[in-house]
Amino acid sequence: MRKKGKYKEERREHTLRKHTYNAYTTPESHFTLRSSYQMSGRESCAPRRVKSTGSSSSTPKLSHIFKNSKILSNQNKGEPQSSELRQEDINHIDKFVDELVSHDIECIDQLNDLYLRRRYPDCHDLKCYTCYDALDGNSKNKRNNISVLVKSNDSYVLIDVGKTFRDSLLRNKDKINFYEIKLDSVLISHSHTDALNGIDDLRDLQEYNKIYNGDSYYYTPKNPIDIYLNAISYERLRNGYEYLVMKRKENIFFSKIAALNLLVIKDEKYNKLILEEKTANQIKDDDGTLLIPKQDHIGTTNSTQKNQIDDRNKIKNKGGYDDDEGRNSKGKEKEHPKGDPLLNNDADVDAEADADDDDGTCVNIHTYNKKDEYGYVYTKFDKNKRIRFIPFQHGRNYICVGYIIGENEKLVYISDCCYIPPNVLEYIKKIGSTEVLVIDALYYKAKHYSHFSLHESIKIALHIKPKKVYFIGMSCAVEHNITNLFLKKLSNKYPDISFSLAHDGLFVPINF
């Protein structure tokens, strides 16, 4: 039984539904994204020691805005205007960054607010220059929660719908009209608010038929949206969005709510940390440099914890469909629900069954278990293009799901990550070269228990060897302008790889 206090806290958290997004469009294949998260930091021109205040807020951070305003008020200043950098400022910044790049990435944590201090010369000793700059609507330091829209021909797939999803849709409405496209599916990477709390707003991206029955009426969705998520995220939906995940035998609604087909990945490697024979110390570069960070800052757990999933993270499927090989407890092939539009001929999908639904006729909740030859779950979009699901660690004993998208040029998406299991890293390389890597980078170099730093992610990128790398999930400790100047100069040292911070509204063409 859930404790009363804990239940109230969960309910309180799930009432915060002011959501987010990002998007853009052109013909052919591409993806568009925006970067995310926000944590506090101590802003100075010296190397930083940053302290986390939570990873699901966005930039600008509210507390920093109010503290900046108080500082300016105490200095008897209004709202100063930004200034164009003088040539001597540009030369000074360029020389400063050149010196850091000469040490490769080892001095990356010495990047600071030099650029913004020169841009806002009338602002002194602000709490956070990045958050101050982010108030400018055109600033690339303004960041909402990460979302990615993948487009291939007329097929659209969305990754994550965080709590700033709605705001992002509105900010980018001139670049893409979501109401005019058919969203094929949504991929939920994990159960935190920055990935899930905008899911209710999907209702406004759907069309419904209004059916009259005498003096009353009801709605039926024209195209329910497929939602791919792991069992932990499904449980989060059950606790916070019960009305979206009620089991239904037909899609009939008496008010418009998001019509979702939940495809739940129950395979344990997507839901818990699994011990491996190969350790991180075995994943090294050609020169012997360790590439996967050790997990000292993540924390340790005993083997019992690593090999158990809390009962609250299980889907109670009483239909006997609990193994990973597509068979029931009696060893017989599982039967798919007849006429299910989700099956698409080759999908391993099973209708959820419980004591009140023993015949497996539930139309909106399914167990998904289609795997490739390496044992990793995948689905398809745009007819034959694969989306492969990869698990990695996001904090202590918590799994986030990433994606490898495409057949020709591949996009590898790794958000909210502090550790990539060696077998997953090998799998990424085994299935072919990577065109674009999108990867987490919270701070410059400081360790965090649930996120990579920019320093760590660059090392991972040098091992995967993509052509382009876009870093996401930056806190306000990572200022866009000076960091991208550093990354541009760093790219010159590695001519086969281009490094860059992502920004809200970024468009990247790719031939999936």
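Read in order, the letters of the sequence shown are residues 1 to 512 in full-length UniProt numbering.
C-beta: ideal position from N, C-alpha, C; glycine also.
Range covered by the alpha helix (DSSP H) that runs through residue i
i: residue 424; result: 422-430
i: residue 491; result: 480-493
i: residue 129; result: 129-134
i: residue 176; result: Residue 176 -> no alpha helix (DSSP H), and no H or E assigned at all.
i: residue 91; result: 87-101
i: residue 457; result: 454-464
i: residue 194; result: 193-196
i: residue 118; result: 114-119
Residue range of the unbroken beta strand (DSSP E) whose run includes residue i
i: residue 402; result: 399-405
i: residue 63; result: It is not in any beta strand (DSSP E) - residue 63 instead sits in the alpha helix (DSSP H) that spans 62-74.
i: residue 233; result: Where residue 233 is concerned, there is no enclosing beta strand (DSSP E), although the alpha helix (DSSP H) it sits in stretches over 231-240.
i: residue 216; result: 216-221
i: residue 148; result: 147-152
i: residue 261; result: 260-265
i: residue 366; result: 365-368
i: residue 437; result: 436-440
i: residue 386; result: 385-393
i: residue 184; result: 183-187
i: residue 498; result: 498-501
i: residue 411; result: 411-414
i: residue 212; result: 208-213
i: residue 155; result: 155-159
i: residue 202; result: Per DSSP, residue 202 belongs to no beta strand (DSSP E) and is neither H nor E.
i: residue 377; result: Per DSSP, residue 377 belongs to no beta strand (DSSP E) and is neither H nor E.
Cβ-based neighbour list, residue i, same chain, cut-off 7 Å, excluding 5 preceding and 5 following
i: residue 429; result: 464
i: residue 210; result: 217, 219
i: residue 304; result: Note that residue 304 has pLDDT 30, beneath the 50 cutoff, so the model's placement of it is unreliable and no number is given.
i: residue 96; result: 114
Reference residue i, options the options, closest by Cα
i: residue 416; options: 190, 169, 172; result: 190
i: residue 490; options: 248, 83, 108; result: 108
i: residue 182; options: 199, 174, 207, 196; result: 207
i: residue 262; options: 246, 254, 255; result: 246
i: residue 511; options: 386, 392, 179, 175; result: 386
i: residue 204; options: 225, 193, 63; result: 225
i: residue 94; options: 118, 372, 75, 394; result: 118
i: residue 179; options: 188, 196, 147, 222; result: 222
i: residue 184; options: 154, 399, 493, 405; result: 154
i: residue 459; options: 425, 475, 485, 482; result: 425
i: residue 152; options: 471, 485, 407; result: 407
i: residue 136; options: 146, 147, 116, 124; result: 116
i: residue 134; options: 214, 472, 454, 60; result: 60
i: residue 195; options: 452, 214, 233, 212; result: 233
i: residue 75; options: 62, 120, 124, 187; result: 124
i: residue 188; options: 403, 66, 255; result: 403
i: residue 86; options: 72, 70, 64, 120; result: 120
i: residue 431; options: 475, 401, 177, 374; result: 374
i: residue 242; options: 453, 365, 213; result: 365
i: residue 409; options: 509, 475, 501; result: 509
i: residue 213; options: 177, 228, 253, 176; result: 253
Cut-off 6 Å between Cβ atoms - residues of its own chain near residue i, not counting five sequence neighbours on either side
i: residue 140; result: 480, 503
i: residue 591; result: Given that the chain is displayed from residue 1 to residue 512, the structure contains no residue 591 and the question cannot be resolved.
i: residue 132; result: 68, 126
i: residue 499; result: 469, 487, 490, 491
i: residue 89; result: 118
i: residue 501; result: 471, 480, 483, 484
i: residue 361; result: 249
Contact belief for residue i with residue j at Cβ below 8 Å, rounded distance in angstroms
i: residue 469; j: residue 477; result: Going by Cβ atoms, the distance from residue 469 to residue 477 rounds to 19 Å, so no, they are not a contact pair.
i: residue 269; j: residue 391; result: 5 Å
i: residue 166; j: residue 201; result: 5 Å
i: residue 467; j: residue 435; result: 5 Å
i: residue 264; j: residue 130; result: About 38 Å separates the two Cβ atoms, so there is no contact after all.
i: residue 164; j: residue 144; result: 4 Å
i: residue 517; j: residue 399; result: Because residue 517 is not part of the residues shown, which for the chain are 1 to 512, the question remains open.
i: residue 405; j: residue 150; result: 6 Å
i: residue 199; j: residue 473; result: Actually they are not in contact, since the Cβ atoms of residue 199 and residue 473 sit about 20 Å apart, beyond 8 Å.
i: residue 237; j: residue 258; result: Not confirmed; about 11 Å, so no contact.
i: residue 128; j: residue 192; result: Actually they are not in contact, since the Cβ atoms of residue 128 and residue 192 sit about 23 Å apart, beyond 8 Å.
Close beta carbons around residue i, own chain, < 8 Å, minus the five adjacent residues each side
i: residue 497; result: 461, 462, 465, 466, 467, 468, 469, 491
i: residue 378; result: 370, 371, 372, 386, 387, 388, 389
i: residue 395; result: 298, 418, 449, 450
i: residue 493; result: 101, 104
i: residue 495; result: none
Three or more beta-carbon pairs under 8 Å between the stretch 165-173 and the stretch 92-110, yes or no?
-> no
Cβ contact check for the stretch 146-166 and the stretch 404-420: 3 or more pairs under 8 Å = yes
Counting pairs of Cβ atoms below 8 Å between the stretch 82-100 and the stretch 437-448, do you hit three or more?
-> no
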